[in-house]
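Visitor: Take a look at this one; I'll ask things after.
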Amino acid sequence: MKILVVEDETKTGDYLKQGLTESGFSVDLARTGLDGHHLARTGSYDLVILDVMLPDIDGWKIVSSIREAEDNTPVLFLTAKDSVEDRVKGLELGADDYLVKPFAFAELLARVRTLLRRPAVQHSGDKLQISNLVLNLPKRRVTRSGKLIRLTNKEFSLLELLVRRQGEVLPRSLIASQVWDMNFDSDTNVIDVAIRRLRSKIDDPFKSKLIHTVRGMGYTLEDPSENSDE
Ligand code: CA
């Protein structure tokens, strides 16, 4: 598995390259945005790890360019800014996941492995698709089997998170922080209620179910027609 790391900070770049190499990956390290952009567009990688703040062209421009070329290589972006807007911006531009600096290497490795294992979510322009479910991101519109499904803003964000991280079990605490931007309070059942409403709209009218409960752990979205090793 070949990974491209684009990182201008010498120490972080070296640390990522060494850690990933020791974990069995083949790693190319680009220290400028221009080099990274060139390699991403011309090389063939299984995953790109992209720092956002680069001195020449930033990570956001690079991810946009990769997606404009209809290249679906998974992109994990590294950001020092932990603001909701930045996270949303990166994901809207087509990144698959993000990690806020500073991060633990074990956390990065877990995200990398998940992204490599996950069947690719199809990014086509502004759309995300899994099975017959299509999310139009700029319009925040959802269809399943061509039928328009009306979702609230929060339901859309929740569904988008589940689709982007399909196959991964998402704990309630993670859903709470990503969709509601709040700390999870175990007394509240806001997430279960939202999931129930979302299911009633996207799953109940259809034979094959996409949202699954993993008892004691959280929720996952999976296309039951995909071969699964679980
Ligand atoms: Ca940087």
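Residue numbers for the sequence shown follow the working numbering, so the first one is 216 and each next one is one higher.
Backbone N, C-alpha and C fix where the C-beta goes; we use that ideal spot for every residue, glycine too.
List in chain order: all unbroken beta strand (DSSP E) runs of 3+ residues lying wholly within the region 301 to 358.
Guide: 312 to 315, 337 to 339, 342 to 345 and 348 to 351
Visitor: Rounded to whole angstroms, what's the CA-CA distance from Lys-232 to Arg-412? Just pull it up for me.
Guide: Residue mapping note: residue 232 aligns to position 17 of the sequence shown, counting from 1. Residue mapping note: residue 412 aligns to position 197 of the sequence shown, counting from 1. Going from the Cα of Lys-232 to the Cα of Arg-412 covers about 44 Å.
Visitor: Span of the beta strand (DSSP E) holding Asp-266?
Guide: Within the sequence shown, residue 266 is the residue found at index 51, counting from 1. It spans 262 to 266 - the beta strand (DSSP E) in which Asp-266 sits, taken as one unbroken run.
Visitor: Excluding the five sequence neighbours on either side, which residues of its own chain have a C-beta within less than 6 Å of the C-beta of Ala-310, listed in chain order?
Guide: Working through the sequence shown from its first residue, we reach residue 310 at position 95. Only residues of its own chain outside the window of five on either side were considered, and among them Val-278, Val-290 and Phe-292 have a CB closer than 6 Å to the CB of Ala-310, listed in chain order.
Visitor: By the three-class DSSP mapping on this structure, what secondary structure does Asp-444 have?
Guide: Counted from its first residue, the sequence shown places residue 444 at position 229. Bear in mind that the predicted position of Asp-444 carries a pLDDT of just 43, short of 50, making it too unreliable to give a figure here.
Visitor: Using a Cβ-Cβ cutoff of less than 7 Å, which residues in the same chain neighbour Asp-266 once the five nearest sequence positions on both sides are dropped?
Guide: Position 51 of the sequence shown, counted from the first residue, corresponds to residue 266. Result list for Asp-266: Val-221, Glu-222, Asp-223, Gly-274 and Leu-293, in chain order.
Visitor: Counting only the same chain and skipping the five closest in sequence on each side, list residues whose C-beta sits under 7 Å from that of Tyr-230.
Guide: Counting from one through the sequence shown, the residue named residue 230 turns up at place 15. Excluding sequence neighbours, Tyr-230 sits near nothing in its chain.
Visitor: Given that a residue counts as buried once 16 or more other Cβ atoms are within 10 Å of its Cβ, and exposed if not, what is Asp-312?
Guide: Looking up residue 312 in the sequence shown gives position 97. Asp-312 is buried by the Cβ-count criterion.
Visitor: Based on Cα-Cα distance, which residue from Ile-264, Asn-287 and Lys-422 lies nearest to Asp-341?
Guide: By one-based count along the sequence shown, residue 341 stands at place 126. The residue with the shortest Cα to Cα distance from Asp-341 is Asn-287.
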